[in-house]
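The next block holds one structure in the form of structure tokens; read it before the comments.
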Amino acid sequence: MNLIQRLNAIFLGIILLTTFFVSGLFYYTSRDNREFKKEGLDAGEKNVLEYKKNFSGKISLGTINGVEILKNVSNEDVSIVDVENENNNNEEDDGEERVSLIFIGGELEEKNDNKAMESSLQEIANLNISPVIFTGDLVKFTNKDDVDIERIEKVKSILSLDFKGKFNIAFGKGDIACGEKCINGWSESLFGKKIATEEIGALLFAHSFEYKGAKFILLGPNFFGKEYQKSLDWLEGELKNNKQENLVVVSHNSIPGSKQTFSLIDCNEDCSEVMGYKTVELFEKYNVNLVVFGDEDKFSYYKKGNVSYVSSGNLKNSILDKKEVSFLRTDFNENEMMLFAYNNMQEKIEEFKIR
Numbered sequence: 002m003n004l005i006q007r008l009n010a011i012f013l014g015i016i017l018l019t020t021f022f023v024s025g026l027f028y029y030t031s032r033d034n035r036e037f038k039k040e041g042l043d044a045g046e047k048n049v050l051e052y053k054k055n056f057s058g059k060i061s062l063g064t065i066n067g068v069e070i071l072k073n074v075s076n077e078d079v080s081i082v083d084v085e086n087e088n089n090n091n092e093e094d095d096g097e098e099r100v101s102l103i104f105i106g107g108e109l110e111e112k113n114d115n116k117a118m119e120s121s122l123q124e125i126a127n128l129n130i131s132p133v134i135f136t137g138d139l140v141k142f143t144n145k146d147d148v149d150i151e152r153i154e155k156v157k158s159i160l161s162l163d164f165k166g167k168f169n170i171a172f173g174k175g176d177i178a179c180g181e182k183c184i185n186g187w188s189e190s191l192f193g194k195k196i197a198t199e200e201i202g203a204l205l206f207a208h209s210f211e212y213k214g215a216k217f218i219l220l221g222p223n224f225f226g227k228e229y230q231k232s233l234d235w236l237e238g239e240l241k242n243n244k245q246e247n248l249v250v251v252s253h254n255s256i257p258g259s260k261q262t263f264s265l266i267d268c269n270e271d272c273s274e275v276m277g278y279k280t281v282e283l284f285e286k287y288n289v290n291l292v293v294f295g296d297e298d299k300f301s302y303y304k305k306g307n308v309s310y311v312s313s314g315n316l317k318n319s320i321l322d323k324k325e326v327s328f329l330r331t332d333f334n335e336n337e338m339m340l341f342a343y344n345n346m347q348e349k350i351e352e353f354k355i356r
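Sequential numbering from 2 applies to the sequence shown in my numbering.
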């Protein structure tokens, strides 16, 4: 073997050794990386999270009474989201979305200082649940000589500002005690539909509307009067024509005959007990689910047959006493209906399954 052959052999050996060394080093390095690699987000996942964070710009600080407190990470602003209301609006039962509606009872007028009342109404309006039904007497006129119509306009302006027109009223006699001027002063509307005020008799302000799977029948202030047969005929027609799964009747006056022992309200000698009992019979015959009335200051709930009766309580009283009911909320879909009672702190204090 000459010198050149020996040099070529040595050079080839060096190349082979170098190749084996580099390959072994790469193998062990790769093995160590695989063995000790920390789990975490890849770049794509991190980018997605950063996008979501930038899109919302908020972090959760927790919940209080079902209300989630959110902090804006960019400018330190804090906003509030009603988790309970959001969950109810998005909650599905057997594929059906639940709908919510609020009832508020009691007078909405305070002669000395109305700020507490306005604040309570604004807090309820902030729940973004509509429509809202008020169960009268919102303004208590005492007689026909009491004709300060500005009292009506003041209450209407508060309601229109807070509830954006998505409200309705089951009027009481106090609301219209000053006669035609009071009647013309209210000129109530819901969803842009005017309520007829031409008839001064039994069916004054009596009307109905349908809302997302429920029918609501509102009785007027003269409903339980001497023209009771006219009232009954109208009511039966409304009940008979119902095509919704949920059926609710709202009245300022509690329903004569809905309790075993009762006193007839707003009835003179021409109004008999037959009126009350026939009204209750109609409720049971046509499967009314819920009857809400507003002439009692205290919240109450009872059942007669398959019909639930509830007093809406008194918003003004709830401001003074946190144990009193401030408003009611009903949640419903085609399969069920629930009723909840809240105090002025928006804490749930009662819960009932209506159907």
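Quick reminder that beta carbons are idealized off the backbone N, C-alpha and C, glycines included.
If you're wondering where the values come from, they're calculated on a predicted model, not measured in any experiment.
Closest by CA to residue i, which one among the options?
{"i": "Gln347", "options": "Glu239, Phe206, Glu325", "result": "Glu325"}
{"i": "Ala171", "options": "Lys227, Leu205, Leu102, Phe328", "result": "Leu205"}
{"i": "Glu335", "options": "Asn242, Lys213, Gly175, Phe164", "result": "Lys213"}
{"i": "Glu98", "options": "Asp332, Ser131, Glu181", "result": "Asp332"}
{"i": "Leu340", "options": "Asp322, Lys323, Ser301", "result": "Ser301"}
{"i": "Pro132", "options": "Tyr278, Phe168, Glu119", "result": "Phe168"}
{"i": "Gln230", "options": "Arg152, Ala203, Ala215, Val250", "result": "Ala203"}
{"i": "Asp149", "options": "Asn115, Ile134, Glu110", "result": "Glu110"}
{"i": "Val419", "options": "Glu351, Lys349, Met338, Asp322", "result": "Residue 419 lies beyond the residue range present for the chain, which begins at 2 and ends at 356; the question has no answer from this structure."}
{"i": "Glu246", "options": "Ile16, Val100, Ile11", "result": "Val100"}
{"i": "Val250", "options": "Lys279, His208, Lys116, Tyr278", "result": "His208"}
{"i": "Asn127", "options": "Gly106, Phe164, Glu151, Ile134", "result": "Phe164"}
{"i": "Val156", "options": "Lys116, Ile130, Val311", "result": "Lys116"}
{"i": "Ser134", "options": "Asp298, Leu160, Glu282, Glu119", "result": "The sequence given here has Ile at residue 134, not Ser. The shortest C-alpha separation from Ile134 is found at Leu160."}
{"i": "Ile153", "options": "Gly277, Gly180, Lys299", "result": "Gly180"}
{"i": "Phe364", "options": "Lys299, Val281, Glu151, Ser158", "result": "An answer regarding residue 364 cannot be provided, because it is not within the stretch 2 to 356 covered by the chain."}
{"i": "Glu119", "options": "Lys182, Ser158, Pro257", "result": "Ser158"}
{"i": "Gly106", "options": "Val311, Phe353, Glu352", "result": "Val311"}
Please work out which residues of its chain come closer than 6 Å, Cβ to Cβ, to residue i, disregarding the five sequence neighbours upstream and downstream, and give them in chain order.
{"i": "Glu51", "result": "Confidence at Glu51 is low in this model, with a pLDDT of 39, below 50, so its placement is unreliable and no value can be given for it."}
{"i": "Gly306", "result": "Glu285"}
{"i": "Asn185", "result": "none"}
{"i": "Ser309", "result": "Leu291, Ile355"}
{"i": "Ser252", "result": "Ala171, Leu220, Phe294"}
{"i": "Leu329", "result": "Phe104, Ser313, Ala342"}
{"i": "Lys174", "result": "Pro222"}
{"i": "Gly166", "result": "none"}
{"i": "Asp296", "result": "His253, Asn254, Ser255"}
{"i": "Lys299", "result": "none"}
{"i": "Leu248", "result": "Lys216, Val289, Asn290"}
{"i": "Glu352", "result": "Phe341"}
If we count the other Cβ atoms within 10 Å of its Cβ and call it buried at 16 or more, is residue i buried or exposed?
{"i": "Tyr303", "result": "exposed"}
{"i": "Lys317", "result": "buried"}
{"i": "Val137", "result": "It is Gly, not Val, that sits at residue 137 in the sequence shown. So Gly137 ends up on the buried side."}
{"i": "Thr143", "result": "exposed"}
{"i": "Ser412", "result": "Since the first residue shown for the chain is 2 and the last is 356, residue 412 is missing from the structure and cannot be characterised."}
{"i": "Glu108", "result": "buried"}
{"i": "Leu162", "result": "exposed"}
{"i": "Lys279", "result": "buried"}
{"i": "Asn55", "result": "Per-residue confidence for Asn55 stands at a pLDDT of 37, beneath the threshold of 50, marking its modelled position as unreliable; the derived number appears in the next sentence. It is exposed - the Cβ of Asn55 has fewer than 16 other Cβ atoms within 10 Å."}
{"i": "Asp234", "result": "exposed"}
{"i": "Asp176", "result": "buried"}
{"i": "Ser259", "result": "buried"}
{"i": "Ile16", "result": "exposed"}
{"i": "Ile130", "result": "buried"}
{"i": "Ser232", "result": "buried"}
Please list, in chain order, all residues of the same chain as residue i whose beta carbon is under 8 Å from its beta carbon, the five residues on each side excluded.
{"i": "Ser121", "result": "Leu316, Ser319, Ile320, Ser327, Asn345"}
{"i": "Asn243", "result": "Lys216, Tyr287"}
{"i": "Ile350", "result": "Lys324, Val326, Ala342, Tyr343, Asn344"}
{"i": "Gly45", "result": "Because Gly45 carries a pLDDT of 40, less than 50, the predicted location of this residue cannot be relied on, and no value is offered for it."}
{"i": "Lys182", "result": "Val148, Ile150"}
Please check if any C-beta of chain B sits within less than 9 Å of the C-beta of residue i.
{"i": "Ala207", "result": "Here there is only one protein chain, and chain B is not present."}
Go through its chain and collect everything with a Cβ distance to residue i's Cβ below 7 Å, but skip five positions before and after it.
{"i": "Ile11", "result": "none"}
Item to check | beta strand (DSSP E) runs wholly inside the region 269-332, at least 3 long, in chain order | outcome: 291-294, 301-305, 308-312
Item to check | Completely contained beta strand (DSSP E) runs for the region 180-258, where each covers 3 or more residues | outcome: 208-211, 215-219, 247-252
Checklist entry - Is there contact here, the region 227-239 with the region 122-137, by at least three beta-carbon pairs under 8 Å? => result no
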